[in-house]
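Numbering-wise, our numbering comes out as the position in the sequence shown, counting from 1, plus 37. Built from N, CA and C at the ideal position, the CB exists for glycine as well. What follows is a single structure, written as structure tokens, with notes after it.
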Amino acid sequence: MNERPRAERVATELAEELAGLIRGSLADPRVEGVIVTRAVMSPDLRNARVYFRLAVGADEPGRVDAASRGLERASARLKKQAAKRLGLRWVPELHFHYDEGQDARDRIDELLEEVRRDRGE
Numbered sequence: 038m039n040e041r042p043r044a045e046r047v048a049t050e051l052a053e054e055l056a057g058l059i060r061g062s063l064a065d066p067r068v069e070g071v072i073v074t075r076a077v078m079s080p081d082l083r084n085a086r087v088y089f090r091l092a093v094g095a096d097e098p099g100r101v102d103a104a105s106r107g108l109e110r111a112s113a114r115l116k117k118q119a120a121k122r123l124g125l126r127w128v129p130e131l132h133f134h135y136d137e138g139q140d141a142r143d144r145i146d147e148l149l150e151e152v153r154r155d156r157g158e
């Protein structure tokens with residue numbers, strides 16, 4: 038028997054499915070280079086927070102906002118296709134958010150490297 042809660046299992050499957058759909062079926066240039074990092078489901082499986090990153094251009098002004106708008110615009114189509122492929126009776130509303138966690142980890146790594154260099158001098 039699977040020990041993980043159902044919301045967690047569905048979130049993992051949804052993130053994988055959305056990653057493939059975004060990469061393969063969206064022609065919107067705003068979503069080019071979008072990488073789905075994870076999804077978090079509400080306990081009732083009605084809402085999903087889908088976190089994404091950009092392969093390139095995240096530091097360009099307005100690029101993250103444009104990608105977010107492109108994903109929101111495509112959310113109905115993505116929702117319909119994901120429902121069909123995952124066999125879910127109820128498909129969650131998709132809410133896209135830029136995953137800033139990696140940016141924070143990168144900044145911490147930079148600071149640690151600076152400390153190492155300072156100690157070595």
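Residue i and residue j closer than 8 angstroms at C-beta
i	j	result
P42	R83	no
Sequence-distant residues of its chain with Cβ nearer than 6 angstroms to residue i (five each side left out)
i	result
M38	With a pLDDT of 49 at M38, under the threshold of 50, the modelled position of this residue cannot be trusted; read the value that follows with caution. Closer than 6 angstroms at Cβ, skipping near neighbours: no residue.
G94	R100
A111	L63
A52	V73, R75, A76
Span of the alpha helix (DSSP H), counted from its first residue to its last, around residue i
i	result
A76	Premise fails: A76 lies in the beta strand (DSSP E), 71-78, not in any alpha helix (DSSP H).
E109	100-123
E185	This structure leaves residue 185 out entirely; the chain is present only between 38 and 158.
D143	138-157
Own chain partners of residue i with C-beta closer than 7 angstroms, once the 5 adjacent residues on each side are dropped
i	result
A48	A76, V77, M78, A85
L58	L115, Q118, A119
R67	A103, A104, R106, G107
A92	G70, I72
Delimiting residues of the beta strand (DSSP E) encompassing residue i
i	result
L91	84-91
L131	130-135
Classification of residue i by the beta-carbon crowding that lies within 10 angstroms, buried from 16 upward
i	result
V71	buried
V152	exposed
L149	exposed
Spatial neighbours of residue i in its chain, beta-carbon cut-off 8 angstroms, leaving aside the 5 residues before and after
i	result
W172	What is shown of the chain runs 38 to 158, which leaves residue 172 out entirely.
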